[in-house]
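Numbering (our numbering), first residue to last: 38 to 317.
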Amino acid sequence: MRMISVDIPKNIKSNLKDLGFTDYETSIYITLLITGPLNAKELSKASKVPYSRIYQVIQELNNKEFITKDKDSRPTLFYGAPPLDALKSARKRYYKEFDRKTKFLFDELNPMYLMKNAPQRLEIYQIEGKKYCINKMQKLTRRAKNDVLLATSNTDILKSIYPILKELRLKGISNIHLLIQSGQFEKNFRKSELFDSIKKIAQIKKTEKVFGTLIVIDGGLDAFMIYEKSLVDECIISGIFSEAPLLGIILFQYFQYLYDGAKIIHSSKTKKNVARVNIV
38 MRMISVDIPK NIKSNLKDLG FTDYETSIYI TLLITGPLNA KELSKASKVP
88 YSRIYQVIQE LNNKEFITKD KDSRPTLFYG APPLDALKSA RKRYYKEFDR
138 KTKFLFDELN PMYLMKNAPQ RLEIYQIEGK KYCINKMQKL TRRAKNDVLL
188 ATSNTDILKS IYPILKELRL KGISNIHLLI QSGQFEKNFR KSELFDSIKK
238 IAQIKKTEKV FGTLIVIDGG LDAFMIYEKS LVDECIISGI FSEAPLLGII
288 LFQYFQYLYD GAKIIHSSKT KKNVARVNIV
């Protein structure tokens, strides 16, 4: 087999480096995309990665889901993963690591800030009326770029939000999580066509009690909460939101607390099972 020398454009190297790739990893992946499947020896020559390092770099790329291998071939052949699949995996890892670091920094830095500064001012805005609350929730959901976390036991809300969740899923946002209340609502919901539709795009968990409706997008970047106020002769639907980031962080952590203790009733086939909500 005739080996070719692969020259990688600097802008590709730079962008992959921003995603955490070494020069060796970049060289191997691009080489496989251009040449097709190669064994380790061929790959070392074509990519100019020393043979003494080749298996270590291959393993790193395999962990990042950028290459696959044919175990039945002798010698083993390695393939470059399709760019769409590989970059989706990179995106998930990036946001997972970003969420982990920002949560750590917030937990460490916020107490320092509060010791010497006045507490952050949190202005809460309220809207009333089922129609207005659902419209607000739909607008917020459409802005999601990475994940949507929804806790509710309201069928009307689920029906109104499902088309938007479906659109997001088609755009490649697979990090969609639904938390519902166990008991009679769960039984009725699981018998419905709506459940059959939502389970195709979201992981669904159940918990003993869900208070109102809570939706959080992009790790707490924005959030909205709907609740009911019972009066003597009527029930008023109200919602709260804030332009300050603190509310989103609080509601995100509250959702995560509920979600961690909930039981899975369906895990979407389009997603891997996850242990925590700050997923990607």
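Note that CB positions come from ideal geometry on N, CA and C, so glycine has one too.
Straight-line CA distance for ALA299 to ILE286? One-based indexing of the sequence shown puts residue 299 at position 262. One-based indexing of the sequence shown puts residue 286 at position 249. Here the C-alpha atom of ALA299 lies approximately 20 Å from the C-alpha atom of ILE286.
Measuring from the CB of MET149, is there a heavy atom of the ligand ATP at a distance below 6 Å? This structure simply doesn't include the ligand ATP, nor any ligand for that matter.
Here's the rule: buried if 16 or more other CB atoms are within 10 angstroms of the residue's CB, otherwise exposed. What is ASN315? Residue mapping note: residue 315 aligns to position 278 of the sequence shown, counting from 1. At ASN315 the pLDDT is 44, less than 50, meaning the model places this residue with poor confidence and gives no usable figure here.
Report the residue ranges of all beta strand (DSSP E) runs contained in full by the stretch 132-213; include only those spanning at least 3 residues, in chain order. Runs of the beta strand (DSSP E) inside the stretch 132-213: 162-165, 184-188.
Determine the contact status of ILE277 and GLN96, defining contact as a CB-CB distance below 7 Å. If you number the sequence shown from 1, residue 277 lands on position 240. If you number the sequence shown from 1, residue 96 lands on position 59. Cβ atoms of ILE277 and GLN96: not closer than 7 Å.
So, for HIS303: in the same chain, excluding its five sequence neighbours on each side, which residues have a beta-carbon less than 6 Å away from its beta-carbon? Indexing the sequence shown from 1 puts residue 303 at position 266. Closer than 6 Å at Cβ, skipping near neighbours: LYS236, ILE241.
Taking the alpha carbon of GLY249 as the reference point, which residue from GLU230, LEU288, LEU231, ALA239 has its own alpha carbon closest? Mapped onto the sequence shown, residue 249 falls at position 212. It is LEU288 whose Cα lies nearest to the Cα of GLY249.
Return the CA-CA distance between ASN99 and GLU245, expressed in angstroms with no decimal places. In the sequence shown, counting from the first residue as 1, residue 99 sits at position 62. In the sequence shown, counting from the first residue as 1, residue 245 sits at position 208. The straight-line gap from Cα to Cα measures roughly 40 Å.
So, using beta-carbon positions, are ALA181 and PHE292 closer together than 7 Å? Along the sequence shown, one-based indexing puts residue 181 at 144. Along the sequence shown, one-based indexing puts residue 292 at 255. Going by C-beta atoms, ALA181 is not nearer than 7 Å to PHE292.
How many angstroms separate the CA atom of ILE335 from the CA atom of SER64? The shown model of the chain, from 38 to 317, leaves out residue 335, and the question about it has no answer.
What does the alpha-carbon distance come out to for the pair CYS272 and TYR294? Taking the first residue of the sequence shown as 1, we reach residue 272 at position 235. Taking the first residue of the sequence shown as 1, we reach residue 294 at position 257. Here the alpha carbon of CYS272 sits roughly 28 Å from the alpha carbon of TYR294.
For the stretch 75-92 against the stretch 107-114, are there 3 or more C-beta pairs whose distance is under 8 Å? Under the three-pair Cβ rule at 8 Å, the stretch 75-92 counts as touching the stretch 107-114.
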